[in-house]
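Beneath this line is the structure, given in structure tokens, with notes to follow.
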Amino acid sequence: MQAKTLYEKLFESHIVREEDGTYLIYIDRHLVHEVTSPQAFEGLRINHRAVWRNKSILAVPDHNVPTTDRSLGISDPISKIQVETLDENCKHFGLTQFPMNDSRQGIVHVIGPEQGSTLPGMTIVCGDSHTSTHGAFGALAMGIGTSEVEHVLATQCLILKKFKTMEVRVEGKLNKGITAKDIALALIGRIGTAGGTGYAIEFTGESIRSLSMEGRMTLCNMAIEAGARAGMVAVDDVTISYVENRPFSPKGEALEKAKAYWKTLHSDKDAKFDQVVMLNGSEIPPQVTWGTSPEMVVSIEGMTPDPKKEHDPSKRKSIEDALTYMGLEPNLPINQIKIDKIFIGSCTNSRIEDLREAANVLKGKKIAHNIKLALVVPGSGLVKLQAEKEGLDQIFIEAGFEWREPGCSMCLAMNADRLNPGERCASTSNRNFEGRQGQGGRTHLVSPSMAAAAGIHGHFVDIRSFN
Amino acid sequence: MNPFITHTGIVAPLDRANVDTDAIIPKQFLKSIKKTGFGPHLFDEWRYLDHGEPGMDLSRRKKNPEFVLNQTPYEKASILIARENFGCGSSREHAPWAIEDYGFKAILAPSFADIFFNNCFKNGLLPIVLPNKTIDILFKAIYANKGYTVTIDLENQFIVLPSNEKISFQVDAFRKHCLMHGLDDIGLTMQHSESIKAFEQDYYQKNSWLL
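So the sequences go chain by chain: A and B. Heads up: the first sequence begins at 1 in the numbering used here, then just goes up one per residue. Heads up: the second sequence begins at 1 in the numbering used here, then just goes up one per residue.
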């Protein structure tokens with residue numbers, strides 16, 4: 001039999017039909033949130049179409065929800081309508097939803113895996129680019145637009161072309177304090193934000209195998225920032241022990257049957273990838289973005305670039321524009337950059353392990369005087385409860401952080417959590433685009449421990465030499 | 001969806017790489033539950049000097065004179081040209097909705113982000129990938145000739161320049177077909193309902209743990 005990559009196995013097992021290289025692919029799980037679904041449900045209604053398979057859907061409001069006292073409801077009337085529209089649509093079409101005040105509510109990419117709704121071998125879609133997160137489970141998961149949300153609701157299928165395959169092999173032992181976030185940023189720094197366009201990325205190698213499921217989710221989450229619609233990691237014992245005993249995961253005999261199949265979900269030994277990128281995990285330093293694209297990233301030991309040294313006029317202009325927007329001088333050491341706000345959260349870094357990592361740095365310490373606001377926004381109600389059980393909330397609060405309710409929050413600032421013009425943030429989120437965290441806001445992407453350490457010092461510091 | 005066959009229009013130069021979907025349509029406008037009305041907020045943070053919120057009186061807003069779409073004759077442009085990786089970032093279809101609602105019919109760039117590229121075709125918007133060199137030549141020609149106008153012929157897959165020179169481009173056959181006929185691909189897929197049901201029967205028998 002021909003050796004296959006994990007991507008090929010997942011893709012081929014879901015082909016309904018094919019015509020001239022255009023495939024109809026069956027979708028196992030459809031995650032839905034309030035921002036990209038209302039127009040899709042409206043489309044169904046207008047055309048008198050039904051939802052093909054209600055059971056495949058898990059819905060949750062996350063982008064617009066307030067992270068402060070929920071008993072007060074949503075004060076922004078337009079956000080309120082959007083969240084209520086999701087409630088109505090779920091009721092009308094008979095879909096499983098965790099509404100805003102359900103203890104299981106949270107960021108869609110956190111609750112899918114947490115509930116066992118995300119399983120190995122599945123095809124998973126959501127009207128959100130960070131759906132790549134779920135590939136961490138040996139699943140084919142990708143973000144789709146609203147027209148495609150409607151298409152999947154109506155037909156349970158997606159029209160797709162085959163992606164090219166890219167293996168990102170990370171060998172070596174990660175240094176103390178180095179996380180999946182640093183691997184992701186180092187990769188994007190290397191291949192660029194369009195480096196993975198047209199590809200499905202599979203992460204392999206010793207450094208990846210050593211990551212927890214939370215770490216693998218962080219990594220796959222950022223695959224889209226490298227341009228790849230899907231990122232994935234092969235199934236191993238770490239995957240299986242994570243998915244066992246979750247509310248929606250199979251039990252008993254069904255589980256045994258599933259496990260036998262899940263264990264085949266890896267690339268065959270001789271499988272050929274269209275491209276291979278190698279990184280040495282033991283050489284990756286803590287990463288900090290300096291600009292307005294995730295590829296504008298350097299080591300904590302580095303400095304901002306000098307546009308004068310760039311010969312390509314288009315690239316030089318990008319560097320100049322980014323430095324101007326970020327309010328930074330060329331050749332400025334990264335560890336001299338002072339911070340106004342700290343954001344620990346988002347579908348990239350808001351899981352229990354991320355919170356433990358940050359709390360571990362903050363224990364017994366206080367944030368610096370120049371920090372105007374430090375936020376921790378847990379990824380879900382259940383992550384929040386677990387953290388409180390472990391006393392992490394107290395560590396954050398004593399250090400000067402605000403302990404909030406779950407949601408997307410300041411990753412994209414659709415709710416009230418945002419940066420004011422000119423404010424600079426150490427953020428564990430995934431995008432440092434202009435205005436992403438608030439108009440005129442300046443975002444530096446880092447890992448949770450780097451964000452916590454920057455909070456204590458008021459500027460970026462090297463987590464490896466941090467006591 | 002309106003069919004796209006040929007289109008003639010002024011090309012507006014947006015000389016930036018990595019134009020992301022947050023820049024195309026900022027998040028505060030994503031709260032709408034409608035598909036229309038995003039055009040006035042296309043590139044909101046670049047187009048206006050004040051902070052935009054949904055429902056604002058547009059006539060009172062201060063336009064940024066430096067931004068290309070606020071300069072004559074580009075307010076009448078219907079084709080956009082930009083640098084690499086256009087449309088990167090989120091999957092929000094509000095981005096092509098805003099571009100289309102503003103009045104653009106096509107975008108020329110050396111590369112596009114996958115999800116955005118896909119979303120364009122669902123909304124009658126044609127994204128055309130051209131080599132970097134060609135994009136460079138076009139930018140220079142546009143800067144030298146204000147109001148630079150081209151014709152895009154989708155059926156024959158070429159762009160006619162003012163000099164009558166033709167630049168050919170590639171487009172996927174299925175997407176071209178849908179765009180030229182303004183087809184709703186849900187309707188097309190529904191024609192294969194029986195195949196989907198047959199797939200399900202076999203699939204859930206093999207993967208009973210998914211039931």
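Cβ coordinates follow ideal geometry from the N, Cα and C atoms, glycine included.
Spatial distance of residue i from residue j (CA atoms)
i	j	result
Thr67/A	Leu355/A	16 Å
Tyr199/A	Lys366/A	44 Å
Ile463/A	Thr193/A	25 Å
Ile10/B	Asn18/B	22 Å
Pro490/A	Ser267/A	Summary: the structure shown does not reach residue 490/A, with chain A confined to residues 1 through 467, and so no result is reported for it.
Pro307/A	Leu419/A	27 Å
Asp237/A	Pro113/A	16 Å
Glu244/A	Pro250/A	8 Å
Lys206/B	Ile111/A	27 Å
Ser409/A	His63/A	7 Å
Val170/A	Met326/A	31 Å
Ile352/A	Ser195/B	42 Å
Phe86/B	Phe112/B	5 Å
Phe203/A	Ala3/A	18 Å
Ile334/A	Trp290/A	8 Å
Gly227/A	Glu167/A	14 Å
Gly124/B	Pro3/B	7 Å
Asn101/A	Lys389/A	20 Å
Glu283/A	Gly182/B	52 Å
Ile167/B	Val51/A	44 Å
For residue i, the residue or residues it bridges with in DSSP
i	result
Cys88/B	Asp20/B
His7/B	Ile152/B
Trp403/A	Val376/A
Asn280/A	Glu171/A
His63/A	For His63/A, which the question treats as bridged, DSSP gives no partner whatsoever.
Gln287/A	Ser299/A
Glu202/A	Glu167/A, Met232/A
Proximal residues of chain B, C-beta to C-beta of residue i below 7 Å
i	result
Gln156/A	Ile196
Ile319/A	Chain B residues near Ile319/A: none, gap ~11 Å exceeds 7 Å.
Pro250/A	Trp209
Arg17/A	His192, Ser195
Val243/A	Per Cβ cutoff of 7 Å: no residues; Val243/A is ~11 Å from chain B at best.
Gln439/A	Glu45, His51
Beta-carbon neighbours of residue i, restricted to chain B and to distances below 8 Å
i	result
His151/A	Asp185, Ile186, Thr189
Ser129/A	Gly89, Ser90, Ser91, Ile115
Asn64/A	Lys31
Ser79/A	Lys31
Val35/A	Leu30, Lys31, Arg92
Asp20/A	Ala173, Phe174
Proximity test, Cβ basis, 7 Å: residue i and chain A
i	result
Lys215/B	No information on residue 215/B is available, as it lies outside the stretch 1 to 211 that chain B covers here.
Lys31/B	yes
Phe139/B	no
Ser163/B	no
His181/B	no
Glu45/B	yes
Neighbour flag for residue i against chain B, beta carbons, 7 Å
i	result
Met414/A	yes
Val536/A	One cannot answer for residue 536/A here, as it falls past the ends of chain A, which runs 1 to 467.
Thr146/A	yes
Gln82/A	yes
Arg45/A	no
Ser346/A	no
Arg436/A	yes
Ala322/A	no
Gln275/A	no
Val377/A	no
Ala254/A	yes
Contacts that residue i makes with chain A (C-beta to C-beta distance below 7 Å)
i	result
Asp20/B	Phe433
Lys35/B	Gln39
Asn118/B	Gly145
Tyr203/B	Tyr26
Within chain A, the residues that residue i reaches when beta carbons sit closer than 8 Å
i	result
Pro40/B	The contacting residues do not exist; Pro40/B stays about 16 Å from chain A at best.
Glu100/B	Going along chain A, no residue has its Cβ under 8 Å from Glu100/B, so there is no contact; the nearest lies around 12 Å.
Contact set between residue i and chain B, taken where Cβ atoms lie within less than 9 Å
i	result
Ala257/A	First, the residue type needs correcting, since residue 257/A is Lys and not Ala in the sequence shown. By Cβ distance, chain B contributes Asn207, Ser208, Trp209.
Check: residue i C-beta below 6 Å from any heavy atom of the ligand COA
i	result
Met1/B	Of ligands this structure carries none, so the ligand COA is not represented either.
Give, in chain order, every unbroken run of the alpha helix (DSSP H) that is at least 4 residues long and sits entirely within the segment 312-352 of chain A. 313-326
Every unbroken alpha helix (DSSP H) inside the segment 99-148 of chain B [4 residues or more]: 114-121, 132-144
Go through the segment 217-256 of chain A residue by residue and report every complete run of the alpha helix (DSSP H) that reaches 4 residues or more, in order. 237-243
Length-filtered (3 minimum) beta strand (DSSP E) runs lying within the segment 159-208 of chain B: 166-168
Compile a chain-ordered list of the residues in the segment 221-235 of chain A whose CB is closer than 7 Å to at least one CB of chain E. Absent from the structure: chain E. Protein chains present are A and B.
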